[in-house]
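Just so you know, we're using our numbering here: the sequence shown kicks off at 9 and counts up by one.
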Amino acid sequence: MSVLANAFVTNPLHLRAFGAQRLDRNRLFFRIGLRHMFIGQAFVAMADGAVCGYVHFIVSPYCLPAPEEVPVAAATLLKPLGDALPQVVKWLSRWCRLDPEEPHVHLGPIGVTPQVQGQGLGTALMQRYLEYLEQEHAPGYLETDRLEAVEFYKKFGFVIQREEVLIGTPVWYMWRSDQS
Ligand SMILES: CC(C)(COP(=O)(O)OP(=O)(O)OC[C@H]1O[C@@H](n2cnc3c(N)ncnc32)[C@H](O)[C@@H]1OP(=O)(O)O)[C@@H](O)C(=O)NCCC(=O)NCCS
Numbered sequence: 009m010s011v012l013a014n015a016f017v018t019n020p021l022h023l024r025a026f027g028a029q030r031l032d033r034n035r036l037f038f039r040i041g042l043r044h045m046f047i048g049q050a051f052v053a054m055a056d057g058a059v060c061g062y063v064h065f066i067v068s069p070y071c072l073p074a075p076e077e078v079p080v081a082a083a084t085l086l087k088p089l090g091d092a093l094p095q096v097v098k099w100l101s102r103w104c105r106l107d108p109e110e111p112h113v114h115l116g117p118i119g120v121t122p123q124v125q126g127q128g129l130g131t132a133l134m135q136r137y138l139e140y141l142e143q144e145h146a147p148g149y150l151e152t153d154r155l156e157a158v159e160f161y162k163k164f165g166f167v168i169q170r171e172e173v174l175i176g177t178p179v180w181y182m183w184r185s186d187q188s
């Protein structure tokens, strides 16, 4: 939870929904996610005996709830997010609506502790995901709100499928065809 909160606290969607330096709200968001949303496979990256990175992926259609389930989650699971809730509901509803019909393995979240970014941990976590895609002969799909991350994902064979502004910030939707 701490790794993800620290990695994402400055991401544009998180700034919009939770505010600047709202580590507390990011921790809460990821606590809910880790308990209830990020089912399926997850791996962590270790450095000097500490967890410094996390990646989660899951096969569709279990990756995201149906759009009509989001208001139910808002009234229950996500309720502790308080006044961030309207923005989070818009954000998640949109991602649920755009989730591709075509079978895929959905990536996210992936995050590395800011102090150790740029040292290869993110690449190591991506390799686990790519191994799974190759083993399953499956395409990959993800959403991101960081332009630097778009470049990162392109290195692993992802291409931009759609780009739009969501709750006031650019978002990219990316696809990786089965390469086997
Ligand atoms: C994206 C992320 C997981 C990459 O992890 P990482 O451990 O820094 O990745 P690596 O060290 O393996 O690779 C870094 C490469 O990604 C690029 N990169 C993307 N975002 C970066 C960042 N915030 N810091 C450093 N490098 C970043 C660098 O250009 C670098 O490229 P190079 O290998 O050609 O120099 C990490 O930057 C992160 O947690 N970001 C915040 C959360 C996020 O945006 N997650 C993904 C969006 S859903």
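Every residue gets a Cβ at the ideal spot worked out from N, C-alpha and C, and that includes glycine.
- Of the other Cβ atoms in all chains shown, 16 or more fall within 10 Å of the Cβ of Gly116; this residue is therefore buried.
- Taking all protein chains in view, the Cβ of Ile66 is crowded by 16 or more other Cβ atoms within 10 Å, so the residue is classified as buried.
- His112 carries a coil assignment under DSSP once its states are collapsed to helix, strand and coil.
- Under the DSSP assignment, Gly148 falls outside any alpha helix (DSSP H), being part of the beta strand (DSSP E) whose first and last residues are 148-152.
- Using a Cβ distance threshold of 8 Å, Trp99 and Ala25 count as a contacting pair.
- In this structure Val167 is exposed. Its beta-carbon is surrounded by fewer than 16 other beta-carbon atoms within 10 angstroms.
- Annotation for Gly130: the continuous alpha helix (DSSP H) segment containing it runs 129-144.
- Ligand 1 approaches Leu129 closely enough that one of its heavy atoms is under 7 Å from the residue's Cβ.
- At least one heavy atom of ligand 1 lies less than 7 Å from the C-beta of Val120.
- Here His44 is exposed: its Cβ has fewer than 16 other Cβ atoms, across all protein chains shown, within 10 Å.
- The secondary-structure analysis by DSSP pairs Arg170 across a beta bridge with Tyr181.
- Met54 is bridged by DSSP to Val59.
- The stretch 147-154 and the stretch 120-127 do not touch, with fewer than 3 CB-CB distances between them shorter than 8 Å.
- With a threshold of 7 Å, the Cβ atom of Gln125 counts as near ligand 1, since some heavy atom of the ligand is closer than that.
- Annotated as distal: Val120 and Tyr140, with beta-carbon spacing of 8 Å or more.
- The three-state secondary structure of Gly126, taken from DSSP, is coil.
- In the three-state DSSP reduction, Phe65 falls in the strand class (E or B).
- Here the distance from the Cβ of Glu172 to the nearest heavy atom of ligand 1 is not below 7 Å.
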